[in-house]
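Asker: Heads up: the sequence shown begins at 3 in the numbering used here, then just goes up one per residue. Pasting a structure here, questions to come.
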Amino acid sequence: MFQDYFQQYGLIAVFIAVATLVPIGMLVISWAFSLVRIRPKKPNPVKSTVYECGMEPIGPQRWSQFNFRYYKYALLFVVFDVETVFLYPWAIKFHALGLFAFFEMAAFVSILVVAWLYAWRKRALEWE
């Protein structure tokens with residue numbers, strides 16, 4: 003029983019380990035190269051500027067505020083993106099999962115539709 007469990011989830015553990023160790027290893031190697039002077043360290047004012055679409059930055063170089071309206075649409079995008087993450091595997095295995103999974107997904111989608119209709123009725127989706 004434990005062998006099947008580790009065989010199924012062992013690849014996920016290996017993936018997480020590699021996804022964690024590769025970036026950390028790259029950062030450590032870069033840091034080690036800078037200590038040994040293999041990696042050049044030449045500070046330059048151009049390297050320290052904020053990248054702005056390949057153009058010279060205009061105005062002060064600091065964090066700028068953005069309109070709150072964009073935040074609402076970003077949250078909506080995340081909500082419907084997560085919905086897609088849940089709907090896609092269900093759609094692939096629709097016939098194998100049976101009727102119970104259909105009703106579970108129908109409840110999930112209906113909750114999202116009710117929330118969307120509520121937001122629409124409260125005019126939360128209109129650009130102000």
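Glycine residues also receive a C-beta, built at the ideal position from the N, C-alpha and C atoms. What you are looking at is a predicted structure, and each value in this text was computed from that prediction instead of being measured.
#1: With Ala126 and Lys74 assumed to form a contact (beta carbons below 8 Å), what rounded beta-carbon distance in angstroms separates them?
#2: Measure the C-alpha to C-alpha separation of Arg39 and Leu13 and round it to an integer number of angstroms.
#3: Quick test of your reading: Ser36 and Lys44, contact by CB under 8 Å. State the CB separation rounded to the nearest angstrom.
#4: Could you tell me whether the segment 19-34 touches the segment 82-95, where touching means 3 or more Cβ pairs closer than 8 Å?
#5: By how many angstroms is the C-alpha of Asp83 removed from the C-alpha of Met28?
#6: So Ala93 is in the alpha helix (DSSP H); what residue range does that whole segment cover?
Answerer: With the given structure in hand:
#1: Right, their Cβ atoms sit about 7 Å apart.
#2: 38 Å
#3: About 11 Å separates the two Cβ atoms, so there is no contact after all.
#4: no
#5: 31 Å
#6: 70-94
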